[in-house]
Amino acid sequence: MSGEGLGTKIGAAVRDAAGNQAEAYKKYAALLERFSKKEIEFVDFGRDALDIYADAVRDVSHVGGRITNDAVKTGISKVRSLRFVRASSAAAGDVADAIAADTNDAAAAVGSEASSVKG
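When you number the sequence shown by numbering that gives the first Met the number 0, it's gap-free, plus one each residue, and the end is 118.
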């Protein structure tokens, strides 16, 4: 997953969440059917329904965590890249300034030598 963009990762997480929720609805439908046929007692129905609900919430929380984690990692990566670009740009500017200063010093030295030769 490291070569994928954030949008791709979020899309995959949302698809996983949708699949998990569809599975939860299937389980709940089967549970309702059993309850309507009086195959299970009300207390058992409530407990099992709560288990299905808790699993569904856990799945959504997990997917939300994945999305948040991927977004934070992408943001940190982009900030690090920007810092590197800024640092590189600043370093390049410092090098350019140093070269310009050396060039000016060299030109001044040549000019001074030329003056002393004439005089």
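Just so you know, even glycine gets a beta-carbon here, dropped at the ideal spot from N, CA and C.
The C-beta separation of Arg65 from Ala12 comes to about 5 Å, placing the pair in contact by the 8 Å criterion.
Under the three-pair Cβ rule at 8 Å, the stretch 43–60 counts as touching the stretch 17–33. If you check the CB distance, Leu30 and Ala70 do not come in under 9 Å.
As the crow flies, the alpha-carbon of Ala23 is around 15 Å from that of Gly45. Judged by DSSP secondary structure, Glu3 falls outside any alpha helix (DSSP H); it is assigned neither H nor E.
Sixteen is the threshold: when 16 or more other Cβ atoms of the shown chains lie within 10 Å of the Cβ of Val62, as they do, the residue is buried. Proximity to Ile9 across Ile75, Asp43, Asn68 and Ser35 peaks at Asn68, based on C-alpha coordinates. Residue state for Lys37 is assigned as coil, using DSSP reduced to three classes.
Rounded to whole angstroms, the gap between the alpha carbons of Ser35 and Lys26 is 14 Å.
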